[in-house]
Amino acid sequence: MKQNLVALSSGLLFGLGLGLSQMIDRERILGFLDITGNWDPALLFVLGGAVGVTVIAFRFVLRLPYPIFATAFRLPTYKEVDLPLVLGAAIFGIGWGIAGYCPGPAIVALILKSWSPMIFLAAFVAGSLTSQLINRK
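Note that this note's numbering has the sequence shown beginning at 170, numbered continuously upward.
This is the structure we're talking about:
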């Protein structure tokens, strides 16, 4: 129950931050990606803030013997950069550049009552399911 409350609280905080920083507005994202046109640096500040908080917080959190609401840390152990990782990142980047959304902000953008995030999320789910089918073979 505590883990679920932490997940809910974290998700609400993340969604609030995305909304306040206007990162649910696909035009802001596309403006950031348009480096040769009317460039909008807003996303750079949001990313900088997130990385800064993470760098500082992880120094303290990872010194704990275990997480506050779990029995062990679950950190990634796989450190290889392989073709599926590179291809997946490239495909994700292309989709992000075309749509102006990635999954988290698209979910929060549902509050805008616009078709764009709904269509994006439907396509995201379809792409995820397709990837699972391909990886099973």
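By construction, the Cβ of each residue, glycine as well, lies at the ideal position given by its N, Cα and C atoms.
Quick one: what does DSSP say residue i is sitting in, helix, strand or coil?
i      : result
Glu196 : helix
Asn207 : coil
Phe242 : coil
Pro253 : helix
Ile237 : coil
Gln191 : coil
Arg228 : helix
Met287 : helix
Val217 : According to the sequence as given, residue 217 is Gly; it is not Val. If DSSP states are grouped into helix, strand and coil, Gly217 belongs with the helices.
Gly269 : coil
Lys171 : helix
Determine the closest residue to residue i out of the options, with distance taken between C-alpha atoms.
i      : options                           : result
Gly273 : Ala211, Leu182 and Val175         : Leu182
Leu216 : Thr205, Met192 and Val250         : Met192
Leu244 : Phe227, Leu254, Asp251 and Ile260 : Phe227
Gly200 : Ala268, Val250 and Leu187         : Ala268
Gly218 : Gly186, Glu249 and Ser179         : Gly186
Leu189 : Gly206, Ile225, Thr205 and Phe214 : Phe214
Please list, in chain order, all residues of the same chain as residue i whose beta carbon is under 6 Å from its beta carbon, the five residues on each side excluded.
i      : result
Ala211 : Arg197
Ile263 : none
With a CB to CB cut of under 8 Å and the five nearest residues on each side skipped, what residues in its chain are close to residue i?
i      : result
Phe230 : This sequence places Val at residue 230; Phe is not what is there. The residues are Pro236.
Assuming residue i contacts residue j (C-beta within less than 8 Å), just tell me the rounded distance between them.
i      : j      : result
Met287 : Leu279 : 7 Å
Ala275 : Phe289 : 5 Å
Arg195 : Tyr270 : 6 Å
If we call anything under 8 Å between Cβ atoms a contact, is residue i one with residue j?
i      : j      : result
Val277 : Gly184 : yes
Gln172 : Phe238 : yes
Gly266 : Leu202 : yes
CB-CB under 7 Å to residue i, same chain, minus the five flanking residues each way: which ones, in chain order?
i      : result
Asn207 : Gly200
Ala241 : Tyr235
Ser285 : Arg195
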